[in-house]
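Taking it in order: structure first as structure tokens, then the write-up.
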Amino acid sequence: MSGLAVGQVVADKRYLVTRDTLVRYAGASGDFNPIHYRDDVAASVGLPGVLAHGMLTMGTAVQPVVEWLEGSGDDAGVLGWVSGYQVRFTRPVVVDPVVGAEIAVTATIARLDEAEGTARVDLTVTYADKTVLGKAQVVVTLA
Amino acid sequence: MNPELSGRVFPPAPPYLVGREKVREFARATGSTSPLSLDVEAARAAGHADVVAPPTFAVVVQEATLAQLLAEPDAGIDFSRVVHGEQSFSLSRPIVAGDELTATLTVTGVKTLGGNSMVTASSDMVDADGAHVVTAVSTLVVRPEDDGSDS
């Protein structure tokens, strides 16, 4: 746990989500709800456009934490693994057919528990400068 | 929604065999660059039996249990009005390719808030030895039948 401190930003990354990303995630996850790939269906249920799967946003937002834990490919070794993860879906991500949607993720250490050997990493996840995941918390079990 | 759903435990879903290529496909689909998820040799060198599934992979296994809930005749849940409210995963160990996971769903809460109904469902997943691997909890929000937006 040495070298870690509450308040430390461990990752800061942006991801471009396009319609291609949505189709790929639909296949990988088995979630084929057409609001995630058909403009007409999205419009018919009153949505502002095709939405990213909430679970795609959740799954993508934790990746910078995984990258941080696994190191940058050097011999530093693995810091730990993700043993818990929770979010609230507070705002939809509308994915434009041409330019897509850019999601920004900042991961900050919020709590260190030496007795448990765990760290809580809080995520700030935004799209168009608005938060899309609320109470996004990752529990890391440290190696 | 039927408030008597709370506390109901469903029969275990058929076992789900975690495939190596499914793990890779899911990892790539969620922007992963993790060698542990994509490269068998890297995973083995780190002490895993095979490639390691990304943190939210259990949603793939959970899906069959949520389908049980939505299909329950007396549940009164209209899928077209369901919105995903919250999600969590609690893991005892990482999921790796080759795991055979059996998921059992329990409805842990039903409530009504501001016209919306909310159901919280917990899927407990065990491996072939019966040991706990992950619990996935979803809160689904069901919008009211007539929310005034339909013409």
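The listed protein sequences correspond, in order, to chains A and B.
Numbering-wise (the numbering used here), the first sequence opens with residue 1 and increments by one.
Numbering-wise (the numbering used here), the second sequence opens with residue 1001 and increments by one.
Every residue, glycine too, gets a C-beta built ideally from N, C-alpha and C.
Residue i, DSSP secondary structure in three states
{"i": "V35 of chain A", "result": "One point to set straight first is that residue 35 of chain A is Ile, not Val, in the sequence displayed. Note: I35 of chain A maps to helix in three-state DSSP."}
{"i": "R1081 of chain B", "result": "helix"}
{"i": "A104 of chain A", "result": "strand"}
{"i": "V78 of chain A", "result": "coil"}
{"i": "D20 of chain A", "result": "helix"}
{"i": "S1032 of chain B", "result": "coil"}
{"i": "G1148 of chain B", "result": "Residue placement at G1148 of chain B is poorly supported in this model, since its pLDDT is 47, which falls under 50; the coordinates are not used for a value here."}
{"i": "E67 of chain A", "result": "helix"}
{"i": "A1097 of chain B", "result": "coil"}
{"i": "V99 of chain A", "result": "coil"}
Strand pairing of residue i, partner residues [DSSP]
{"i": "R120 of chain A", "result": "A:R111, A:V139"}
{"i": "M1118 of chain B", "result": "B:K1111, B:V1141"}
{"i": "E1086 of chain B", "result": "A:R88, B:T1139"}
{"i": "R14 of chain A", "result": "A:A104"}
CB contact below 8 Å: residue i versus chain A
{"i": "T1108 of chain B", "result": "no"}
{"i": "G1148 of chain B", "result": "Low local confidence applies: a pLDDT of 47 at G1148 of chain B is under 50, so the model's placement there is unreliable, with the coordinate-based value given in what follows. Taking Cβ atoms only, chain A never reaches closer than 8 Å to G1148 of chain B, which makes this a no."}
{"i": "Q1068 of chain B", "result": "no"}
{"i": "P1011 of chain B", "result": "no"}
{"i": "P1015 of chain B", "result": "no"}
{"i": "V1060 of chain B", "result": "yes"}
{"i": "E1152 of chain B", "result": "Residue coverage of chain B in this structure runs from 1001 to 1151, which leaves residue 1152 of chain B outside it and unanswerable."}
{"i": "E1100 of chain B", "result": "no"}
{"i": "L1113 of chain B", "result": "no"}
{"i": "E1004 of chain B", "result": "no"}
{"i": "E1025 of chain B", "result": "yes"}
{"i": "A1046 of chain B", "result": "yes"}
Any C-beta of chain B under 8 Å from that of residue i
{"i": "Q86 of chain A", "result": "yes"}
{"i": "L56 of chain A", "result": "yes"}
{"i": "V78 of chain A", "result": "yes"}
Nearest-angstrom beta carbon gap, residue j and residue i [assumed within contact, 8 Å]
{"i": "E1086 of chain B", "j": "V87 of chain A", "result": "7 Å"}
Members of the stretch 1071-1091 of chain B that neighbour chain A once the beta carbon cut-off is set at 8 Å: Within the stretch 1071-1091 of chain B, the residues whose Cβ lies closer than 8 Å to some Cβ of chain A are S1080, V1083, H1084, G1085, E1086, Q1087, S1088, F1089, S1090, L1091, listed in chain order.
task: Name, going along the chain, the residues of the stretch 87-103 of chain A whose beta-carbon falls closer than 7 Å to a beta-carbon of chain B.
output: V87, R88, F89
query: Going along the stretch 18-34 of chain A in order, which residues come within less than 8 Å of chain B, judged by CB to CB distance?
result: T21, R24, Y25, G27, A28, S29, G30, D31
task: Compile a chain-ordered list of the residues in the stretch 1028-1041 of chain B whose CB is closer than 9 Å to at least one CB of chain A.
output: Sequence-ordered contacts of the stretch 1028-1041 of chain B with chain A read R1028, A1029, T1030, G1031, S1032, T1033, S1034, P1035, L1036, S1037 [C-beta pairs closer than 9 Å].
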